[in-house]
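Chains as they are written, first to last, in the numbering used here: chain V, 1401 to 2118; chain B, 1401 to 2118. Heads up, the thing below is written out as C-alpha cells.
This is the structure:
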C-alpha cells in the first residue's frame, strides 16, 4: 500500500498513521482527484499505470462488430504484441526473463480488461494458466525446457482441466493417464463423452500444446489428479480452414463456438484416444513416477497434495477479482458522466430540465455502487498484498496460503456478482443509449458474464469460504462439549487484517437511542458499523455450526441431508464475511489518505458502503434482535442522506479511478451529451428572446379561462 | 380465461367456481401436465397455440452468429412471411382484412419471442407501433388509405417518437410541425441535434415511411405533440450499399449500429430539414387543422389529449409484459431440465454423483423463480383481458383505460426486470454450458436487456404507477383535513380484481402465534398472505401520501425537492402494488384449475410466491411492526420447506408451459446431458465389475495406516 506523503511520523503517531488534519466541514470537503488517483494506483503504481496506458492504446482495443473469427485472430495478435513489453512475464523467474514479481504481474495484468476482456482472458490462459501451471507444477528442469515457448507465445497453450462432465469438482475428472513402464510413457485417455476437456481457452484454434489434468494411474493405483504437458497440434502441418494446425494423432476436439461474450477467446474441447506422453512430461513438482512406475511425492496426503496443486493456481481468482472491480468502475464512470450531463423532465422551474443524477432514484441507483466499488477496490489491494506475500515467498506459510485461497474465493465471488449487477444497472441508467454498442456497457456485461462461473463457480466458492469459516470456528472449540459451546461467548481480539474475520463479539450492545439524530451519529461511527457487521458474521457462523453439529455423528446420508438444508445459510454466511472483508479494507485504507478533504469524502463513501450492507441485511438485524425498528428506520433515512451528500462528489469519485476516454470508449461519456443539451438550451433561449416562440395551447387556455376554443381573433399569431 | 371443464355448476356454487375435489396429500399430488398446459394457453388458446407453432418453425428461428446485416435481412423476410398467416392482422378492422380482435392479436404476437425476440420487436414496430399509430391516431379515411401498405409490409415503417434528447418525456420532444396555410402543408423540422429521432426500429435501413411525432404549431400556437405520416425513403430509388432506399429530400438519418442485443432490428436516427407534409397526413383523430390553420380537437384539454393519444399505444407495454414472461419461462425450462440431468460431486453415497437440482442452493435459485413466472403469467392473462375489454370496445371507459395503463406500466416494469434477473440466474445455474451460445440463454438475455428501458423506462413507469396510487388515495380523502386523515382507518371492501389495489386494511391483526407450526399454517392461508401483502401496499401509499402532503402548499422548488426525496419510496410502493396484482391474479387463477392434484401443487406454487414476497420485504414487515421476529423466522423456514416440497414437481411445472425443443433450442435441454451422465455411470459400473478399476491411493493409505509410501509388494497391480 503506498501513501502519497513523505512527512515523517511525529512522536506518538501510530494508527492512524498520522494526526488527522482538521476535518473540513460538509460544505468545503472536496476530493483531490489527482492525488486520490495516484493513491489508488496502489503498491505497484508504476506497473499499474504502464499497463493501464497499454490498455488505452488503440492496438489493444476491442473492435466492436467483428466476427468471432476476426476477433479471435485480433486477440491472438494482441497477446503476441504484449510479449515485448515484458509486463506479462513479471511473475516468471528472473533466470527466464521474468522478474519474480507475482504481485506486480497481476496489478498490471488486470488492467487489460479495459482494453478488451477477451485480451485479459486470453492472456490469462496463456500466462496465468498454461505457463503458470508449468511454473508451479513443473520442476526446474521442466520450467527451463517448457516455459520459454509458453512465455513468448511461440507455443500457444490450453489449460485442460475442466471436463464437460466435471467443472467445479476437479477431483472427479475422468481423463486417465496410465503409466506404461515398458515404454516409460503415460497413456492419456478419455473414457467417455463427459470426460472431454471443455471450455478451454485457446483449444478451439490456437493452442499447439496443453497442460492436461488427468488421474495418474501407475501400478494399479490412482494417485489422483496430476498435470501433463501435451503437444496437441502439429505446428508443421497445414492449417485447417479455421487457421488451426491439425491435431496430432489420437487427439481430437471441437470448437465451443460462439459464446455470450469473450468471443476473442477461442474456447474448445479436447479428447484423447490412448495418447502417449513421455514420462518426463508429467509436471513433477508434487508427484513423480520413476521409470519402474514407482510413484513419489513430497506431499504424503493425496488430499493435501491435490489442494496444494490446485492452490498454486489461485492467481486466476485473484486477477478476476481485480478485473471485475475494474469493469464495474468503467460502467459507473460511463453512467455517472452521462447522468451528470443528461437532462430529462423539467423540475421546479418550468424551463430548465433536470440533470438526471439530481433525481433521488438515479442517485440511489448509482451512488451506493460507487461506494461498493471503492470497497471492492481496497479489498482487492489487500488481496494482492496477500497474494504477493505468499507467491513471492515473503511469507509462504500454510496458514497464509489458506487465507489467500479463502479470501480470493470470497472476493472473486463477490466482485464478479457486483460487476454484473453494476453493469446491468449502469446500462439501464443510460436508457436506450446504454443499449447501443457504441456506449460500451452491454459488451462489458456480455464479457463479464462468465466471470461468475469460471475459475470456480461463485456458489461453489462461497461454500468453500463458509466451510473454512466453520473449520476456524470449530478449531476454537476443540474439546469443548456442545453444551459448553452453546454457552460460550466468543471473545477474541479484534483482528482488523483483511483476510480474517474479526471475531470480536460486539459484546458492548450498541445502545439503541430513541433520538434519530443520535442514532444517525452512532451509525456514522466506524466502531458501530464494525460491531454490527462483525456480529452478523460471527452469529451466522455460530448458528450454522450449531445446526450442522449433529452431522458429525450422523450416517453419511443424514449428514448430507443436513448440510444440504443449510446450504443457503452457508452461502449467506460467506457473503457476510466477504462484505466485512471489504468494509475492513476500506476502513484501513482511509488511514492512509493524506488530504483531509479527500479523506472526509471517502469516509462518507465508506459510511455509505457500511450503511448499504446494514440496509441490505436489515431483516437479519431485526429478526436477531440486533436492531430495533427505530434504529432500522434510521439506517434507511441516514443511508439516503449520505447518498445525497455524496452526489456532488460523484464525478470526482469516478474520475479518481483514472480511466480516460481511451478506456471508457463510450460516446455518451465524451461530453457529447452535454454538447447536445447546451445546444438545445441555447436554441430555446434564443427562441424566447426572438419573440417568435409559439405560445402553448395550454397557457393560452389558462389565459382564456373557461372558453374552450380560441376564436381567430385570439389566435396568438394574429 | 378458459377452463378445462365443461361440468355444469351445481347449486350454490359461485366463488370458487366449483366445489373443490378432495385435496390430495402431499405425497400423491401431481401435476396433470397436458391439462395444465392447455389451461395455460388461456382465453385465446387456439390463436396462442398456432402462434407458438409458428415460432417453432425453423424459418422463424434466429440463426446465431449472423452478422448484423444478415440478421436484419433475415428478420425482415420473416416479418413478411408472417403476413399471409394473418395472425398479425387480427387487431385491425375487419373491413381491411383484420379481425377487430386486439386481445387475440397480442396473445399470438407475444409468442414470437420464442422464435427470436428481434422478430417480435420488428413485428411490433411494423404492426404494433407504425400501423397501430395509423389505426388509433388516424381517422377512418387515413386508415383506409395508409393501413393496407403498413399491414402487408409493402411500406415498412418507423415509429418516430423518441428523440436523442427526449426518451421518457415525450411531451418535451423538440421536432416541430408548423402549419403553412399558403400551401396547406406542415413544415416538419428538427431544430438541433438532440431533437433527432433516435432508436427507431426499421429506421436504419428498411423503413420507407414513418409516423413522426412533433409539436403541432399553427397560427403561432403550439398544440402539443401530434403524429404525422411521412414518407422518408424513395422506394423507386437505387438502394445504397446497406440495401436502404435513398432518403427523400430534406430527410437524413444515421444507423444506431450494433446494439447489446436485438440486432435483427435496424434501429436508427432520423432528422428533418423543413420537410413539407400535406395537411391530410396529420393523423387527425385527436386533432385536426383546417385549411386556414384553425386547430380543432374532440378533446379540449391539451393534457388529456396528449395522454389519450399516447394511451392508445399501451399495447406495446402489454405485449412486452407477455414476451418477458415467455422469455423467463424459456430460461427456466432450460435450466430446470439441465439441473435435473446434470450431476456434480458425490453425495452421501460415495459413488453416485448428486443431481444438481437436489442441492439446496440450486433449488433456492430456480424454484422460487418458477413460482414467480407462474404469478407473472396469470397477471399477464388478466392484463390481456383488461386490454381486450378496452380496445375491443367491450368496456371502454376512462376508468378502465386508466386501470389498463397503470396495470400495464406496473406489470411491464416488473416482468421485464424479472426476465433479466431470471435469465442471468439461469445462465449461471447452467455453469459454463450456460455461457455457450448453443445453449440459448445468453442471447435471450442480451435481447431482453432493452425491454427494461424501452416502451417506457421501468423507473419512469413505476413512478406513474405510484402517482396513480396516490391520486386514488387522495380521491378517497377529498375534503378531509390532514388531522382527520391521519386518524382515518382505511376501510374498503376487498376488491380482488386484478387491476386495482385491494385497499382493505388488514385491520384484523394477524395473531402472531408463538408456535412455529401454527405460524406456518397461517402463512399457508391465502387470507393471511393477502392481508400481509395488501397491508403493505396500503401503508406505503398512506405514508408517502402523508409525507408528500406539504408539497401541495409549497412553492414549486420545495415541492419538487420533497417529491425527489421520496422518489425511492414511490418506486417501492409501485413494486409492492405490482407484486400484489400478481399474487391476486395467481390466487384467482387457482379457482379455475380443475384437477385436484394440479390445483394442490399450484397452490403450493402460489404459497411460495407469496412467501417469496414476504421474505423479500421482511425488513419492512419487521420495521413496521407487522411481524414479530418469530414470525419472520417462520417465513424463511417455511419458504425453504415449500421449495423442497416443490422440487419433485419442478420439471412438470416448466413442461406445462408448453415450450418444446423447437422453442428452447438449447443443446443442454435436449437430454444430451442425461446421455452423458448415463454413459459415465455405465463406464464406472463396468469398470468396477471388471475388477480392473485402479485402487485409489487414498483408500490404500487408509488400509496401510500410517506408513507413507507403498512398497512395490503392496502395489495393487502387483
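Heads up, the beta-carbon is just placed ideally off N, CA and C, and yes, glycines get one too. Note that the coordinates shown come from a computational prediction; the quantities given were computed from them, not determined experimentally.
Which listed residue (the options) has its alpha carbon closest to that of residue i
i: residue 2026 (chain B); options: B:1937, B:2007, B:1656; result: B:1937
i: residue 1927 (chain B); options: B:2011, B:1941, B:2058, B:2088; result: B:2011
i: residue 1605 (chain V); options: V:1958, V:1873, V:1476; result: V:1476
i: residue 1756 (chain V); options: V:1453, V:1466, V:1829, V:1597; result: V:1829
i: residue 1832 (chain V); options: B:1972, B:1667, B:1966, B:1728; result: B:1667
i: residue 1710 (chain V); options: V:1562, V:1679, V:1691, V:1662; result: V:1562
i: residue 1867 (chain V); options: V:1846, V:1805, V:1836; result: V:1805
Partner residues on chain V for residue i, Cβ-Cβ distance less than 9 Å
i: residue 1467 (chain B); result: 1465, 1467
i: residue 1857 (chain B); result: 1828, 1831, 1832
i: residue 1965 (chain B); result: 1760, 2040, 2044
Contact set between residue i and chain B, taken where Cβ atoms lie within less than 7 Å
i: residue 1656 (chain V); result: 1836
i: residue 2145 (chain V); result: Outside the displayed range of chain V (1401 to 2118) lies residue 2145 (chain V), so it cannot be described from this structure.
i: residue 1599 (chain V); result: 1832
Chain-ordered neighbours of residue i on chain B, where CB pairs are closer than 9 Å
i: residue 2135 (chain V); result: Here chain V covers residues 1401 to 2118 and nothing more, so residue 2135 (chain V) does not appear.
i: residue 1624 (chain V); result: 2096, 2097, 2098
Residue i, DSSP secondary structure in three states
i: residue 1755 (chain B); result: strand
i: residue 1486 (chain V); result: coil
i: residue 1696 (chain V); result: strand
i: residue 1777 (chain B); result: helix
i: residue 1517 (chain B); result: helix
i: residue 1356 (chain B); result: Summary: the structure shown does not reach residue 1356 (chain B), with chain B confined to residues 1401 through 2118, and so no result is reported for it.
i: residue 1819 (chain B); result: helix
i: residue 1966 (chain V); result: coil
i: residue 1628 (chain V); result: strand
i: residue 2096 (chain B); result: strand
i: residue 1808 (chain V); result: helix
i: residue 1526 (chain B); result: helix
i: residue 1622 (chain V); result: strand
i: residue 1873 (chain B); result: helix
Classification of residue i by the beta-carbon crowding that lies within 10 angstroms, buried from 16 upward
i: residue 2103 (chain B); result: exposed
i: residue 1463 (chain V); result: exposed
i: residue 1642 (chain B); result: exposed
i: residue 1997 (chain B); result: buried
i: residue 1681 (chain B); result: buried
i: residue 1484 (chain B); result: exposed
i: residue 1453 (chain V); result: exposed
i: residue 1597 (chain V); result: buried
i: residue 1486 (chain B); result: exposed
i: residue 1640 (chain V); result: exposed
i: residue 1849 (chain B); result: buried
i: residue 1875 (chain B); result: exposed
Integer-rounded CB distance, given that residue j should sit under 8 Å from residue i
i: residue 1778 (chain V); j: residue 1985 (chain V); result: 4 Å
i: residue 1575 (chain V); j: residue 1621 (chain V); result: Actually they do not touch by this definition, with Cβ atoms about 17 Å apart.
i: residue 1718 (chain V); j: residue 1787 (chain V); result: 5 Å
Contacts of residue i in chain B (Cβ-Cβ under 8 Å)
i: residue 1702 (chain V); result: 2096, 2097, 2098, 2101
Under 8 Å by beta carbon: chain V residues contacting residue i
i: residue 1852 (chain B); result: 1828
i: residue 1846 (chain B); result: 1660, 1842, 1846
i: residue 1823 (chain B); result: Neighbours of residue 1823 (chain B) on chain V: none; closest Cβ ~10 Å, over 8 Å.
Closer than 6 Å: residue i CB and nearest the ligand ZN heavy atom
i: residue 1834 (chain B); result: As presented, the structure is devoid of all ligands, the ligand ZN included, so that no description of it is given.
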